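A short write-up of the structure that comes next.
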Amino acid sequence: METAKRPLIIPVFIPHFGCPHQCAFCNQRSITSSKDNTLSSQNLRARINNFLEFKGNNRGTVQIAFFGGNFLGQTKEDIRALLFEAKKFVASGQVDSIRFSTRPDTIDHGRLAFIKDFPVSTIELGVQSMDDRVLDLAKRGHKSSHTKEAVLLLKEHGYEIGLQMMVGLPGENQIGAYTTGEKIAALSPDFVRIYPTVVLRGSPLANDYKNKKYSPIPLDVCVSTVKELFLLFKKRGIPVIRMGLQASNDLDQGSEILAGPYHPSFGHLVFSEIFLDNAASLLESNGSLKGSVTDNIIIRVHPRSISKMRGLKNQNISKLKKKFNIKTITVAADENIDQDSIIVDG
Ligand code: SF4
Numbered sequence: 279m280e281t282a283k284r285p286l287i288i289p290v291f292i293p294h295f296g297c298p299h300q301c302a303f304c305n306q307r308s309i310t311s312s313k314d315n316t317l318s319s320q321n322l323r324a325r326i327n328n329f330l331e332f333k334g335n336n337r338g339t340v341q342i343a344f345f346g347g348n349f350l351g352q353t354k355e356d357i358r359a360l361l362f363e364a365k366k367f368v369a370s371g372q373v374d375s376i377r378f379s380t381r382p383d384t385i386d387h388g389r390l391a392f393i394k395d396f397p398v399s400t401i402e403l404g405v406q407s408m409d410d411r412v413l414d415l416a417k418r419g420h421k422s423s424h425t426k427e428a429v430l431l432l433k434e435h436g437y438e439i440g441l442q443m444m445v446g447l448p449g450e451n452q453i454g455a456y457t458t459g460e461k462i463a464a465l466s467p468d469f470v471r472i473y474p475t476v477v478l479r480g481s482p483l484a485n486d487y488k489n490k491k492y493s494p495i496p497l498d499v500c501v502s503t504v505k506e507l508f509l510l511f512k513k514r515g516i517p518v519i520r521m522g523l524q525a526s527n528d529l530d531q532g533s534e535i536l537a538g539p540y541h542p543s544f545g546h547l548v549f550s551e552i553f554l555d556n557a558a559s560l561l562e563s564n565g566s567l568k569g570s571v572t573d574n575i576i577i578r579v580h581p582r583s584i585s586k587m588r589g590l591k592n593q594n595i596s597k598l599k600k601k602f603n604i605k606t607i608t609v610a611a612d613e614n615i616d617q618d619s620i621i622v623d624g
């Protein structure tokens, strides 16, 4: 059977380009390890060519993606300069389209008219929260109504829309994050990304953390909250294309994160918890397990889902054994099972 070719995304970091100010939680220079304040056409071309060189034959569509700034907040000249270079790669057939992320309050008729002749197919909005009080505390400088209006306008223009939200922002608890998730789902984006709020060196939140005005949520609470959100979006048929920050050397070494629920395999933790919940409810409903010690249980999953079922350091297996009084649990690979499913034999 032929497997679908994976798309190639060429990330171009434009740290804080076009930002009207620094939002409380943000320091893109920490996240991307990039110290550049400008991006020359020459450097942009070199970066794209570099990625294309290592593309290989097994890739599907190719997109140039501008991340880490407020794309449409830049001056018209700067927007045009970046899109003009990127467009050349689309014209030559090496790249299929362009995407960028921008603030909801930069989406208006004038800017969309300005970019309409460039091959931009996807626009991502940094929504962060749909609670105006939380947006205020995060020093975003826009309201949730901007997000609603922006999504309507992007839909009118036929763009693919991605919405990014955060969990653990100042003043927002788990219920609040879920409510934001519901409001985002109601806008029917094409995909979402969910990021945990961590305390980044050099961000305004770092001062609040040092002055004990802000405490990040613990990793386990964050994972559970993101799990609930993932399941909510899944139920509505909305793909979640990222959970957690993109791992990097600086983030992994902890030099850029002062505190907060960062984990290099955050998404894996979320999926592992989903598999743990599903296995526990199957075992719960298995009458033969009640009240006595069971010798051996076999849990069958798709080969690609084995590590999710086991959990980090086999933690899921230890938890299930303890909870259900089972001596041994074998996780077996079974190609015939759907990647999200579990079958328990025992
Ligand atoms: S969150 Fe977005 S708009 Fe705010 S400072 Fe960071 S990149 Fe700029």
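Quick note, the sequence shown lines up with residues 279 to 624 if you use this note's numbering.
A virtual CB, placed ideally from N, CA and C, is assigned to each residue, including glycine.
None of the values given here were measured: they were computed from a predicted structure.
Taking just the CA atoms, how far does SER583 sit from ASP612?
10 Å
Which of helix, strand or coil does DSSP assign to LEU286?
strand
Is DSSP giving GLU402 helix, strand or coil here?
strand
Can you find a heavy atom of the ligand SF4 that lies under 7 Å from the Cβ of ARG232?
The first residue shown for the chain is 279 and the last is 624, placing residue 232 beyond what the model contains.
Closer than 7 Å: is that where the CB of GLY446 sits relative to any heavy atom of the ligand SF4?
no
In the DSSP assignment, find the beta strand (DSSP E) that holds TYR473 and state where it starts and stops.
469 to 474
Just to check, is the beta-carbon of HIS294 closer than 7 Å to a non-hydrogen atom of the ligand SF4?
yes
Can you find a CB in chain B that lies within less than 8 Å of the CB of PHE508?
Considering every chain present, this structure includes no chain B. It has just one protein chain.
In chain order, which alpha helix (DSSP H) runs of at least 4 residues are fully inside the region 431 to 507?
452 to 464, 482 to 488
Unbroken stretches of the beta strand (DSSP E), 3 residues or longer, contained in the region 327 to 363:
337 to 345
On the CB-based measure, 16 or more other CB atoms within 10 Å of its CB, does GLN617 come out buried or exposed?
exposed
Would HIS541 be called buried (16 or more neighbouring beta carbons within 10 Å of its own) or exposed?
buried
According to DSSP, residues forming a beta bridge with PHE378:
PHE344, ILE401
Helix or strand or just coil, what does DSSP make of LYS366?
helix
So what does PHE628 bridge to, in DSSP terms?
Residue 628 is absent from the model: the chain starts at 279 and stops at 624.
Own chain partners of SER550 with C-beta closer than 7 Å, once the 5 adjacent residues on each side are dropped:
LYS586, GLY589, LEU590, ASN594
Given TYR437 as reference, the closest of SER422, GLU402, LEU413 once Cα atoms are compared
GLU402
State yes or no: is the C-beta of ASN556 within less than 8 Å of the C-beta of ILE620?
yes
In terms of DSSP beta bridges, what is GLY373 paired with?
First, the amino acid is wrong: residue 373 is Val here, not Gly. According to DSSP, VAL373 bridges with nothing at all.
Count the C-beta pairs between the region 320 to 329 and the region 352 to 365 that are closer than 8 Å, then say yes if the count reaches three, no if not.
yes
If you draw a straight line from the C-alpha of PHE631 to the C-alpha of LEU360, how long is it?
Absent from the structure is residue 631, since the part of the chain shown begins at 279 and ends at 624.
What residue does the alpha helix (DSSP H) around LYS605 start on, and which one ends it?
Segment 604 to 611 is the beta strand (DSSP E) holding LYS605; no alpha helix (DSSP H) there.
Let me make sure I understand the geometry here. Which of GLY515, GLN531, LEU510, GLY538 has the alpha-carbon closest to that of ASP498?
GLY538
Rounded to whole angstroms, what is the Cα-Cα separation between ILE357 and ILE376?
12 Å
Just confirm the distance between the C-beta atoms of CYS301 and ARG389, as a whole number of angstroms; I'd bet it's less than 8 Å.
CYS301 to ARG389, Cβ: 20 Å. No contact.
Cβ pair MET444, SER481 closer than 8 Å
no
Assigned secondary structure, PHE396 (DSSP; H/G/I helix, E/B strand, else coil)
coil
Using the rule of at least 16 other Cβ atoms within 10 Å of the residue's Cβ for burial, across every protein chain shown, is ILE385 buried or exposed?
buried
Reduced DSSP category for THR572 - H, G, I as helix; E, B as strand; rest coil
strand
For PRO289, which of THR316, LYS283, GLN341 has the nearest alpha-carbon?
GLN341
Just verifying my parser: in three-state terms, what is the DSSP assignment at ARG389?
helix
Cutoff 7 Å; reference SER319; Cβ partners in own chain excluding five residues on either side
ALA359, GLU363
Under the criterion of a Cβ to heavy atom distance below 7 Å, does GLN524 qualify as lining the ligand SF4?
no
What do you reckon, are the CB atoms on GLN442 and VAL412 nearer than 8 Å?
no
Quick check: the Cα distance between THR503 and ARG520, rounded to an integer number of angstroms?
14 Å
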